[in-house]
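**Q** Chains as they are written, first to last, in this note's numbering: chain H, 10 to 73; chain D, 3 to 218.
Every residue, glycine too, gets a C-beta built ideally from N, C-alpha and C.
The structure displayed is predicted, hence computed values, not measured ones.
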Amino acid sequence: MVKINGEEKNAAGKTVAQLVSEGGYSMERVAVELNFEIVPKANYETTAVRDGDSVEIVGFVGGG
Amino acid sequence: MWEAVKIPTQEEYYTALEERHGEQLQKKLTKASVCICGLGGLGSNIAFYLARAGVGHIHLIDFDTVDISNLNRQQYFPDQLGQPKAEALLDTLTRLAPWSRITSQSIKLTTDNIPSLLAPFDIICEAFDMADQKAMLVNTVLESFPEKFLVSGSGMAGLGSANLIKTRKLGSRFYLCGDGVSDVNDGLGLVSARVAVCAAHQATMIIRIISGDYDA
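(1) Taking the alpha-carbon positions, what's the D/Trp101 to D/Ile211 distance?
(2) Using a Cβ-Cβ distance under 8 Å, would D/Gln47 count as near chain H?
(3) CA-CA distance, D/Tyr16 and H/Asp60?
(4) Sort out for me which residues DSSP pairs D/Asp36 with in a bridge.
(5) Does the distance from the CB of H/Glu46 to the CB of D/Ser174 come in under 8 Å?
(6) Using CA coordinates, which residue listed in D/Ala159, D/Leu19 and D/Arg196 is at the minimum distance from D/Thr11?
(7) Within 10 angstroms of its Cβ, does D/Arg97 collect 16 or more other Cβ (buried), or is it exposed?
(8) Since D/Ile60 contacts D/Ile104 with CB under 8 Å, what's their CB separation in whole angstroms?
(9) Can you check which of these residues, D/Gly157, D/Leu144 and D/Ser213, is closest to D/Val199 by C-alpha distance?
(10) Out of curiosity, what's the CA-to-CA distance linking D/Phe50 and D/Ala88?
(11) Contact criterion: CB-CB distance below 8 Å. Does D/Ser156 meet it with respect to chain H?
(12) If we count the other Cβ atoms within 10 Å of its Cβ and call it buried at 16 or more, is D/Leu161 buried or exposed?
(13) Using a 10 Å radius around the Cβ and a threshold of 16 neighbouring Cβ atoms, would you call D/Tyr216 buried or exposed?
(14) Quick check on DSSP: helix, strand or coil for H/Lys18?
(15) Relative to the C-alpha of H/Phe69, which candidate in D/Gly214, D/Asp181 and D/Lys8 has its C-alpha closest?
(16) Any residues in the stretch 47-69 of chain H with a beta carbon nearer than 7 Å to a beta carbon of chain D? Which ones, in chain order?
(17) For H/Glu29, I'd like the list of residues in its chain whose CB is within less than 8 Å of its CB, leaving aside the five on either flank, ordered along the chain.
(18) List the residues of chain D whose Cβ lies closer than 8 Å to the Cβ of H/Val39, in chain order.
(19) What's the gap between the Cα of D/Leu178 and the Cα of D/Gly45?
(20) Taking contact to mean at least 3 C-beta pairs separated by less than 8 Å, is the stretch 68-81 of chain D in contact with the stretch 23-38 of chain D?
(21) Can you tell me which of D/Tyr78, D/Ser146 and D/Ser184 puts its alpha carbon nearest to the alpha carbon of D/Ser163?
(22) Just mark D/Ala129 as buried or exposed, buried being the case when its beta carbon has 16 or more other beta carbons within 10 Å.
(23) For D/Gly180, which residues does DSSP report across the bridge?
(24) What did DSSP end up calling D/Val68 once you bin it into helix, strand or coil?
(25) Among D/Asp64, D/Ala159 and D/Ala201, which one has its Cα closest to the Cα of D/Asn187?
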């Protein structure tokens, strides 16, 4: 199981790009931390998550 | 009738700060350097909080000028309309904290210039208004500077409960404040007090990091 934004999900083997797209996030407004480290955008397609990983997908919203 | 008195000496000023914050914390605050990226409702308020706390070096970055639509929540005065925000806020903060080092740049941050412009500072504060610019800054800072702390804000529009605004630690040195969802592009307005709650969360986290407490 992979923890995605605090929820355990059966997502092992999926790439970060897939998680972002399946989560409905806009690629332009997102930042992803995998096990507390940033995933560079250039690596989204090649970074796959594994069982036990913790992923935080931040979809930014406007206002400031 | 009120008469202007001389402003306190630097020593009197820091003694008063130490009485409020404790000598140890004040020494850390005085040594700290923070760069605030974006000087709108978040950044201008965060800058006030950090200047009042006696943060030693505050660097202000924004490319925009003061607009009448900013006055409902941003720390500018009607007589500053049209002035670059970086200049206007520099003037005000220099008056507020004359012994801190306050510097500013009126420039648009990009993936190309962030690695050089933000290099000198210990802590980076993301205080932009556009979601894609927030993401750009967060990604670029975290990719370029693994050793720096970054405190960001997302989700403070509208008039939802202030209790929904939180500080979360999402990376080893990355903190996100806000309710995470209320988007100004959904037609919600921006109200001074609620934006300031998020700004105060960000400023509090920055001061906690300076103090050596890294929990959200």
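**A** The relevant details are as follows:
(1) 22 Å
(2) Residue identity differs from the one stated: residue 47 of chain D is Asn in this sequence, not Gln. Taking Cβ atoms only, chain H never reaches closer than 8 Å to D/Asn47, which makes this a no.
(3) 52 Å
(4) It should be noted that the sequence gives Val, not Asp, for residue 36 of chain D. Answer is D/Ile60 and D/Ile125, bridged to D/Val36.
(5) yes
(6) D/Leu19
(7) exposed
(8) 5 Å
(9) D/Gly157
(10) 13 Å
(11) yes
(12) exposed
(13) exposed
(14) strand
(15) D/Asp181
(16) Ile47, Pro49, Lys50, Glu65, Val67 and Phe69
(17) Note on identity: in this sequence residue 29 of chain H is Val, with Glu being the wrong assignment. If we look at H/Val29 and ignore the five residues flanking it on each side, its Cβ neighbours are Met36, Val39, Val41, Tyr53 and Ile66.
(18) Ala137
(19) 14 Å
(20) no
(21) D/Ser184
(22) buried
(23) D/Lys168
(24) coil
(25) D/Ala159
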